[in-house]
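Written below as structure tokens is the structure these notes are about.
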Amino acid sequence: MKLCRASDFGLVKIDGGGCIVQFVEKPKVANLKAMQTDTTLLGLSPQEDMTSLCIASMGVDAFKTDVLLKLLRWRFPTSNDFEGNTMLHVLFFL
């Protein structure tokens with residue numbers, strides 16, 4: 737992920753073994769440097785690593801369809817940012 741778009745996404749930082757050690761949701765531009773990761777660990781060449789400095793996460797969520805629909809209709813009928821608004825609150829209901 738290039739820095740010019742990185743603040744639009746959740747970013748992960750990995751250690752030397754490829755394990756996630758930090759996650760930040762849509763970080764401010766001033767905080768992007770702290771989220772830079774050695775992307776050669778993921779198979780990028782050193783040249784590609786110089787332009788792809790961050791790893792973006794789109795999120796992975798799994799729900800039973802009927803449970804999710806009931807929750808969204810009951811608790812979040814006007815929400816339009818699933819990850820940014822809804823998921824943070826859903827975790828407190830579980």
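For what it's worth, this note's numbering labels the leading residue of the sequence shown as 737, then goes sequentially. Note that CB positions come from ideal geometry on N, CA and C, so glycine has one too.
Inset, instruction - Would you kindly work out how many angstroms separate the C-alpha atoms of residue 771 and residue 799, rounded to a whole number? - result: Taking the straight line from one Cα to the other gives about 29 Å.
Inset, instruction - Could you give the DSSP three-state label for residue 792: helix, strand or coil? - result: Shown here, residue 792 sits in a strand according to DSSP, grouped into three states.
Legend entry - For residue 758, the nearest candidate out of 791, 812 and 813 (CA to CA): The residue with the shortest Cα to Cα distance from residue 758 is 791.
Legend entry - Inter-residue spacing [alpha-carbon to alpha-carbon] between residue 745 and residue 777: Looking at the two C-alpha atoms, the distance is approximately 20 Å.
Inset, instruction - From the DSSP output, read off the bridge partner residues of residue 784. - result: Partner residues in a beta bridge of residue 784, as assigned by DSSP, do not exist.
Legend entry - First through last residue of the beta strand (DSSP E) which encompasses residue 777: First-last for residue 777: undefined, no H or E at that position.
Inset, instruction - Could you tell me how far apart the beta carbons of residue 738 and residue 787 are, in whole angstroms, since I believe they sit closer than 8 Å? - result: Correct: roughly 6 Å between the Cβ atoms.
Legend entry - Backbone CA spacing between residue 768 and residue 742 [nearest angstrom]: So the two alpha carbons sit approximately 7 Å from each other.
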